[in-house]
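Asker: These protein sequence lines are chains A, B, C and D, in that order.
In terms of full-length UniProt numbering, the first sequence has 116 at position 116, counting the first letter as 1, and numbering is strictly consecutive.
In terms of full-length UniProt numbering, the second sequence has 4 at position 4, counting the first letter as 1, and numbering is strictly consecutive.
In terms of full-length UniProt numbering, the third sequence has 148 at position 148, counting the first letter as 1, and numbering is strictly consecutive.
In terms of full-length UniProt numbering, the fourth sequence has 63 at position 63, counting the first letter as 1, and numbering is strictly consecutive.
My questions will all concern the structure given below.
There are 4 protein chains.
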Amino acid sequence: MAEDAQRSGERAKRLPRAVREKQILDAAVAVFAQHGYHSASMDEISETAGVSKPMIYSYLGAKEDLFTHCIRRESGRLLEAVQAGIKVDVPPDMQLWHGLRAFYRFVAEHRESWTVLHRHALTVGGPFAGEVNALRGRAIDLVAQLVVSQGSRKGLGEQAEFSGKGLAAALVGAAESLADWWLDNSDVPDGVLASWLMNLIWLGFNDLVEGDVWRPRES
Amino acid sequence: MAEDAQRSGERAKRLPRAVREKQILDAAVAVFAQHGYHSASMDEISETAGVSKPMIYSYLGAKEDLFTHCIRRESGRLLEAVQAGIKVDVPPDMQLWHGLRAFYRFVAEHRESWTVLHRHALTVGGPFAGEVNALRGRAIDLVAQLVVSQGSRKGLGEQAEFSGKGLAAALVGAAESLADWWLDNSDVPDGVLASWLMNLIWLGFNDLVEGDVWRPRES
Amino acid sequence: MAEDAQRSGERAKRLPRAVREKQILDAAVAVFAQHGYHSASMDEISETAGVSKPMIYSYLGAKEDLFTHCIRRESGRLLEAVQAGIKVDVPPDMQLWHGLRAFYRFVAEHRESWTVLHRHALTVGGPFAGEVNALRGRAIDLVAQLVVSQGSRKGLGEQAEFSGKGLAAALVGAAESLADWWLDNSDVPDGVLASWLMNLIWLGFNDLVEGDVWRPRES
Amino acid sequence: MAEDAQRSGERAKRLPRAVREKQILDAAVAVFAQHGYHSASMDEISETAGVSKPMIYSYLGAKEDLFTHCIRRESGRLLEAVQAGIKVDVPPDMQLWHGLRAFYRFVAEHRESWTVLHRHALTVGGPFAGEVNALRGRAIDLVAQLVVSQGSRKGLGEQAEFSGKGLAAALVGAAESLADWWLDNSDVPDGVLASWLMNLIWLGFNDLVEGDVWRPRES
DNA sequence: CATGAATGAGCTTTCATTCAT
DNA sequence: AATGAATGAAAGCTCATTCAT
Chain A
1 MAEDAQRSGE RAKRLPRAVR EKQILDAAVA VFAQHGYHSA SMDEISETAG VSKPMIYSYL
61 GAKEDLFTHC IRRESGRLLE AVQAGIKVDV PPDMQLWHGL RAFYRFVAEH RESWTVLHRH
121 ALTVGGPFAG EVNALRGRAI DLVAQLVVSQ GSRKGLGEQA EFSGKGLAAA LVGAAESLAD
181 WWLDNSDVPD GVLASWLMNL IWLGFNDLVE GDVWRPRES
Chain B
1 MAEDAQRSGE RAKRLPRAVR EKQILDAAVA VFAQHGYHSA SMDEISETAG VSKPMIYSYL
61 GAKEDLFTHC IRRESGRLLE AVQAGIKVDV PPDMQLWHGL RAFYRFVAEH RESWTVLHRH
121 ALTVGGPFAG EVNALRGRAI DLVAQLVVSQ GSRKGLGEQA EFSGKGLAAA LVGAAESLAD
181 WWLDNSDVPD GVLASWLMNL IWLGFNDLVE GDVWRPRES
Chain C
1 MAEDAQRSGE RAKRLPRAVR EKQILDAAVA VFAQHGYHSA SMDEISETAG VSKPMIYSYL
61 GAKEDLFTHC IRRESGRLLE AVQAGIKVDV PPDMQLWHGL RAFYRFVAEH RESWTVLHRH
121 ALTVGGPFAG EVNALRGRAI DLVAQLVVSQ GSRKGLGEQA EFSGKGLAAA LVGAAESLAD
181 WWLDNSDVPD GVLASWLMNL IWLGFNDLVE GDVWRPRES
Chain D
1 MAEDAQRSGE RAKRLPRAVR EKQILDAAVA VFAQHGYHSA SMDEISETAG VSKPMIYSYL
61 GAKEDLFTHC IRRESGRLLE AVQAGIKVDV PPDMQLWHGL RAFYRFVAEH RESWTVLHRH
121 ALTVGGPFAG EVNALRGRAI DLVAQLVVSQ GSRKGLGEQA EFSGKGLAAA LVGAAESLAD
181 WWLDNSDVPD GVLASWLMNL IWLGFNDLVE GDVWRPRES
């Protein structure tokens with residue numbers, strides 16, 4: 001309900017379009033996150049936003065368009081956050097490390113965004129999955145690049161055991177699932193989460209149980 | 001017309017209850033898989049099942065109950081399939097290997113079941129996620145046990161870098177995501193899929209790029 | 001409200017589909033006639049029919065389909081009535097005479113049908129005008145045939161003053177407009193109406209004012 | 001920016017009221033002609049006019065009033081055009097002839113006006129039909145006068161076969177319908193159209209097929 | 001004068017659910 | 001046992017209309 005929105009019943013103050021659009025999108029993300037695309041009702045969104053339904057339709061279009069706008073905004077934010085967190089000119093493992101931390105920080109601070117993107121956008125038929133899968137695709141490509149660059153340095157070819165794309169997909173999936181798991185087990189700090197993944201992925205169980213542990217060096 | 005018994009329009013044959021229930025559940029799983037919970041309509045389910053709507057309500061209850069029944073049946077099947085695939089009295093890594101292969105075989109042979117369980121049940125608010133998460137929980141526990149048994153053998157305590165539950169969650173998540181990815185990239189055989197995961201998880205990138213590769217021994 | 005329809009609020013008696021369809025169509029024609037296509041509301045139609053809205057949608061489809069059904073039924077009735085009224089094997093002028101009388105009798109007895117067909121169906125954009133214009137086209141063709149057969153007997157060619165189609169269109173238009181005018185001046189009997197038109201069309205003002213008058217002979 | 005006066009976005013030039021009203025009415029007629037009264041939206045009218053909606057309300061009132069204004073203006077124009085075309089002090093048939101030509105010329109040059117008046121105004125319930133029927137009434141009276149003057153000269157009384165009003169209504173209806181038909185068959189010149197009607201009405205089929213043809217004399 | 005911002009009210013349509021046969 | 005017939009309730013969307021600047 002933003003900051004109390006408008007006292008219900010009264011005609012809303014006149015505000016510039018950009019402000020209203022933000023209010024609406026915020027409300028929409030919240031409602032979509034809570035109920036999912038289908039069960040979310042335009043009525044609830046409009047109430048939450050403190051704005052009448054016609055404004056929503058006039059500014060952001062029908063329900064589908066509104067959802068698309070939400071997805072675009074949130075995936076943009078996520079992408080920015082991760083890219084801002086990654087440092088270039090550091091070894092691949094450190095890049096991964098920083099990316100993961102940024103990702104988990106984002107999820108922690110924007111639970112609703114993540115819920116909409118991961119839990120809801122992917123399951124609704126239609127053009128929505130496409131948007132999110134594009135984002136996911138970028139993540140996978142990024143990781144795949146890291147992996148392959150490592151792999152090719154050592155002369156690994158195209159064996160069954162090694163497929164950059166496949167491994168990257170698995171890694172990204174693991175990160176996503178862990179984020180999901182985190183939503184219901186939020187007492188773990190984000191650094192630890194990233195740390196688990198790094199160890200799992202970089203060293204594997206085998207080395208791990210040997211006491212061999214990956215740790216971030218420098219910054 | 002009097003003694004013909006089976007006439008009058010298209011009145012369905014009197015069938016034992018168990019058979020009808022199966023027809024209905026099969027249809028429901030198919031329709032839910034295709035449209036998702038909310039967009040699936042009782043009408044379509046009844047048509048697909050070749051059974052009138054009142055029968056559905058009388059046998060399996062309202063839409064929610066019906067969905068719950070679907071989830072229970074399919075998660076039971078998945079669990080059975082995986083448990084049947086696992087061999088006891090083999091080393092932990094081989095247990096994981098067999099479990100993964102059984103899992104992917106199930107997904108390949110029952111795409112609809114998997115779709116309902118993974119894509120749809122988790123995103124609908126309500127008691128459904130609980131059902132599936134229980135299943136997922138059992139999988140995580142199972143994996144965690146393997147991991148922890150390895151870990152404790154080597155004296156690893158509760159350090160930040162090592163949490164059986166967390167790692168298991170990540171692994172299970174990776175396996176699920178890879179299954180999802182597989183639905184749209186089905187040209188990879190299930191053995192290879194399992195192989196990727198094993199290498200990723202057991203050895204990690206680091207060993208992998210050293211040319212060190214995990215391979216199933218014996219059966 | 002048909003014959004009191006159902007006492008409002010009570011669940012309607014179970015009736016065979018055909019009966020309900022008729023009720024609905026009757027109500028729809030009445031409501032469309034009164035308000036026109038756009039202003040007619042499905043709510044009013046359903047109330048008038050004594051049937052809930054979902055039945056309308058299930059039996060006759062959406063508003064457009066419903067309107068189409070109305071038009072088809074009514075134009076079919078009009079066509080039948082006129083065709084039943086025309087006698088073959090009588091001179092052309094007598095055919096016209098009988099056709100006109102049948103037409104006006106129909107309009108008198110089915111004011112609503114005529115209103116829907118003439119006043120409303122023609123002005124709504126979409127496929128509706130097509131349906132009615134097809135009917136009108138048949139009427140024009142029929143008249144044109146009469147006219148042309150007369151004309152060609154006398155050796156009239158294609159002069160500017162004589163175009164079967166054009167004249168027939170004018171005649172049909174005159175008949176329609178007179179019907180419309182009649183709706184608001186209903187004290188004239190239908191025979192007289194037809195008589196006016198016959199005189200106007202067959203003899204023209206010129207002969208008329210000479211005292212020359214057309215009159216129906218025999219049957 | 002302060003003294004620039006005409007700035008800030010797209011704020012329309014301050015224009016005298018009469019000009020604005022014309023802009024609005026022109027747009028309204030165009031939009032009403034295209035979509036009909038109900039489907040025309042105030043939004044589209046305001047966009048077409050290049051004027052904001054509040055101006056429309058302030059200058060010309062609500063939708064109904066606006067439509068009334070349209071009808072008044074256009075029917076006035078039509079009336080003027082026809083009256084200007086008629087010559088006094090010529091025989092009745094020539095008066096009719098000139099009136100018809102003027103009418104068809106107007107329709108040709110103002111298709112939208114005619115569409116609004118004939119196709120739309122008549123079918124909307126409410127006060128609109130009244131406006132147009134008043135116009136039509138004047139046309140009918142005018143024609144009736146011609147007819148009756150002819151008739152009474154010859155001593156025709158009030159017989160069933162002869163009613164000035166009825167005949168005039170039929171004639172006017174025929175002219176209108178022919179105009180409508182013309183909208184979709186515009187390759188016929190207006191003179192020919194008028195010529196058809198004159199022949200039909202003045203001479204009738206009977207004389208026509210005898211080779212007797214009405215032709216305009218002098219101017 | 002002129003308008004962007006705002007909404008109440010209403011419409012069509014659909015769906016899960018139940019009754020009567 | 002089995003179903004066609006029936007509906008309450010709600011959702012998405014649009015429109016004519018007005019207020020505040």
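In this text, a Cβ means the ideal position worked out from N, Cα and C, and glycines have one as well.
Being a predicted model, the structure only gives us computed values, none of them experimental.
Around the Cβ of Glu80/C, are there at least 16 other Cβ atoms within 10 angstroms (buried) or fewer (exposed)?
Answerer: Within the third sequence, numbered from 1, the residue matching residue 80/C stands at position 80. With fewer than 16 other Cβ atoms within 10 Å, it is exposed.
Asker: In whole angstroms, what separates the C-alpha of Ile86/B from that of Pro216/B?
Answerer: Residue 86/B sits at position 86 when you count from the first residue of the second sequence. Residue 216/B sits at position 216 when you count from the first residue of the second sequence. Approximately 14 Å between the Cα atoms of the pair.
Asker: Is it the case that the Cβ atoms of residue 282/D and Gly99/D are separated by a distance below 9 Å?
Answerer: This structure does not reach residue 282/D, given that chain D is present from 1 up to 219, and the question cannot be answered.
Asker: Looking at the C-beta of Leu78/A, does it have a partner C-beta in chain B at a distance below 9 Å?
Answerer: Residue numbering aside, residue 78/A sits at position 78 when the first sequence is read from its first letter. Answer no: the Cβ-Cβ gap between Leu78/A and chain B never drops below 9 Å.
Asker: Taking CB distances under 9 Å as the criterion, tell me whether Asp207/C reaches chain D.
Answerer: Taking the first residue of the third sequence as 1, we reach residue 207/C at position 207. Yes, Asp207/C lies at the interface with chain D (some Cβ there is under 9 Å from its Cβ).
Asker: In whole angstroms, what separates the C-alpha of Asn199/C from that of Ser52/D?
Answerer: For the purposes of this step, residue 199/C is identified with residue 199 of the third sequence, where counting begins at 1. For the purposes of this step, residue 52/D is identified with residue 52 of the fourth sequence, where counting begins at 1. Approximately 55 Å, taken between the alpha carbons.
Asker: Using beta carbons (cut-off 9 Å, strictly below), is Thr68/D in contact with chain C?
Answerer: Walking along the fourth sequence from the start, residue 68/D turns up at place 68. Not closer than 9 Å to any Cβ of chain C, the Cβ of Thr68/D fails to qualify, so no.
Asker: For Ala12/A and Phe67/A, what's the separation of their Cα atoms in angstroms?
Answerer: Translated into positions along the first sequence, residue 12/A becomes position 12. Translated into positions along the first sequence, residue 67/A becomes position 67. Each residue's Cα considered, the two are about 24 Å apart.
Asker: Assign Gly204/D to one of two classes, buried (16 or more other C-beta atoms within 10 Å of its C-beta) or exposed (fewer than that).
Answerer: As a working mapping, residue 204/D is identified with position 204 in the fourth sequence. Its Cβ being crowded by 16 or more others within 10 Å, Gly204/D is buried.
Asker: So that I know if they touch, is there some Cβ in chain A lying closer than 9 Å to that of Leu142/B?
Answerer: For this step, residue 142/B is matched to residue 142 along the second sequence. No - not a single Cβ of chain A is within 9 Å of the one on Leu142/B.
Asker: Taking 8 Å as the cut-off, does the stretch 48–63 of chain A touch the stretch 90–106 of chain A (at least 3 CB pairs, one atom from each stretch)?
Answerer: Touching, no.
Asker: Does Gln95/C have its Cβ less than 9 Å from a Cβ in chain D?
Answerer: By one-based count along the third sequence, residue 95/C stands at place 95. Chain D, which has no Cβ nearer than 9 Å to the Cβ of Gln95/C, makes this no.
Asker: How big is the Cα-Cα spacing for Ala33/A and Glu112/B?
Answerer: Position 33 of the first sequence, counted from the first residue, corresponds to residue 33/A. Position 112 of the second sequence, counted from the first residue, corresponds to residue 112/B. Computed Cα separation, rounded: 25 Å.
Asker: Can you tell which of Ala18/C, Ser39/C, Arg77/C, His38/C has the C-alpha that lies nearest to the C-alpha of Ile56/C?
Answerer: Here residue 56/C refers to the residue found at position 56 of the third sequence. The option with the nearest alpha carbon to Ile56/C is Ala18/C.
Asker: Comparing the CB of Gly137/B with every heavy atom of the ligand ATP, is any distance shorter than 8 Å?
Answerer: The ligand ATP is absent from the structure shown, which contains no ligand whatsoever.
Asker: Please state if the CB of Leu197/A and the CB of Val171/A are separated by a distance shorter than 9 Å.
Answerer: As a working mapping, residue 171/A is identified with position 171 in the first sequence. As a working mapping, residue 197/A is identified with position 197 in the first sequence. The question names Val, yet the displayed sequence has Leu at residue 171/A. Cβ atoms of Leu171/A and Leu197/A: closer than 9 Å.
Asker: Taking Lys13/A as part of the alpha helix (DSSP H), name the residues at either end of that continuous run.
Answerer: Locating residue 13/A in the first sequence gives position 13, where the first residue counts as 1. Note, Lys13/A: premise wrong, no alpha helix (DSSP H); not H, not E.
Asker: Please name the residue in His38/B, Gln23/B, Glu64/B, Tyr37/B whose C-alpha comes closest to that of Glu47/B.
Answerer: Looking up residue 47/B in the second sequence gives position 47. Here the closest residue by C-alpha is Gln23/B.
Asker: Is the shortest distance between the beta-carbon of His35/D and the beta-carbons of chain C less than 9 Å?
Answerer: Locating residue 35/D in the fourth sequence gives position 35, where the first residue counts as 1. For His35/D, the answer is yes, since a Cβ of chain C falls inside 9 Å of its Cβ.
Asker: According to DSSP, is Lys165/D helix, strand or coil?
Answerer: Translated into the one-based positions of the fourth sequence, residue 165/D becomes position 165. Note: Lys165/D maps to helix in three-state DSSP.
Asker: When the Cα atoms are used, what is the spatial distance from Pro189/A to Trp182/A?
Answerer: Position 189 of the first sequence, counted from the first residue, corresponds to residue 189/A. Position 182 of the first sequence, counted from the first residue, corresponds to residue 182/A. Taking the straight line joining both Cα atoms gives about 10 Å.
Asker: Against chain A, does Ile24/B count as a neighbour if the rule is that its beta carbon must be under 9 Å from one of theirs?
Answerer: Indexing the second sequence from 1 puts residue 24/B at position 24. With 9 Å as the cut-off, Ile24/B does not count as an interface residue toward chain A.
Asker: Just the chain B side, please: which residues come within less than 7 Å of His38/A by C-beta, in chain order?
Answerer: Counting from 1 along the first sequence, the entry for residue 38/A is found at position 38. Ordered by position in chain B, the residues that pass the 7 Å Cβ test against His38/A are His38, Ser39.
Asker: Which of the three DSSP states, helix, strand or coil, is assigned to Ser177/A?
Answerer: Walking along the first sequence from the start, residue 177/A turns up at place 177. Three-state DSSP puts Ser177/A in a helix.
Asker: Mind checking the stretch 102–129 of chain C against chain D and listing, in chain order, the residues whose C-beta falls within less than 8 Å of any C-beta there?
Answerer: Cβ contacts with chain D: Arg119, His120, Leu122, Thr123, Val124, Gly125.
Asker: Quick check: what's the CA-CA separation for Tyr104/D versus Pro16/C?
Answerer: In the fourth sequence, residue 104/D corresponds to position 104, counting from 1. In the third sequence, residue 16/C corresponds to position 16, counting from 1. When rounded, the distance between both Cα atoms is 54 Å.
Asker: Curious, which full-length alpha helix (DSSP H) runs of at least 4 residues does the UniProt domain "HTH tetR-type" (18–78) of chain A contain?
Answerer: Runs found: 42–49, 53–60.
Asker: Am I right that Leu178/A and Gly173/B are in contact with their C-beta atoms under 8 Å? What's the rounded C-beta distance?
Answerer: Locating residue 178/A in the first sequence gives position 178, counting from the first residue. Locating residue 173/B in the second sequence gives position 173, counting from the first residue. Rounded, the Cβ-Cβ distance is 6 Å, consistent with contact.
Asker: Between the alpha carbons of Val148/B and Val132/B, how many angstroms are there, rounded?
Answerer: Counted from its first residue, the second sequence places residue 148/B at position 148. Counted from its first residue, the second sequence places residue 132/B at position 132. Going by the C-alpha atoms only, they are around 24 Å apart.
Asker: Is any beta-carbon of chain C found at less than 9 Å from that of Asp190/D?
Answerer: Your numbering for residue 190/D matches position 190 in the fourth sequence. For Asp190/D, the answer is no, since every Cβ of chain C falls outside 9 Å of its Cβ.
Asker: Let me check understanding here. Comparing Cα to Cα, which of Ala40/D, Leu142/D, Ile71/D lies closest to Pro127/D?
Answerer: By one-based count along the fourth sequence, residue 127/D stands at place 127. Ranking Ala40/D, Leu142/D, Ile71/D by Cα distance to Pro127/D puts Ile71/D first.
Asker: My assumption, with CB atoms under 8 Å, is that Thr123/C sits in contact with Arg119/D. Please give the rounded CB distance.
Answerer: Your numbering for residue 123/C matches position 123 in the third sequence. Your numbering for residue 119/D matches position 119 in the fourth sequence. Yes, Thr123/C and Arg119/D are in contact; Cβ-Cβ is about 5 Å, under 8 Å.
Asker: Please compile the residues from chain B whose C-beta is within a distance smaller than 7 Å of the C-beta of Ile45/A.
Answerer: Translated into the one-based positions of the first sequence, residue 45/A becomes position 45. Those within 7 Å of Ile45/A in chain B number zero; the least Cβ separation is about 16 Å.
Asker: Is the CB of Glu74/D under 9 Å away from at least one CB in chain C?
Answerer: Residue 74/D sits at position 74 when you count from the first residue of the fourth sequence. Not closer than 9 Å to any Cβ of chain C, the Cβ of Glu74/D fails to qualify, so no.
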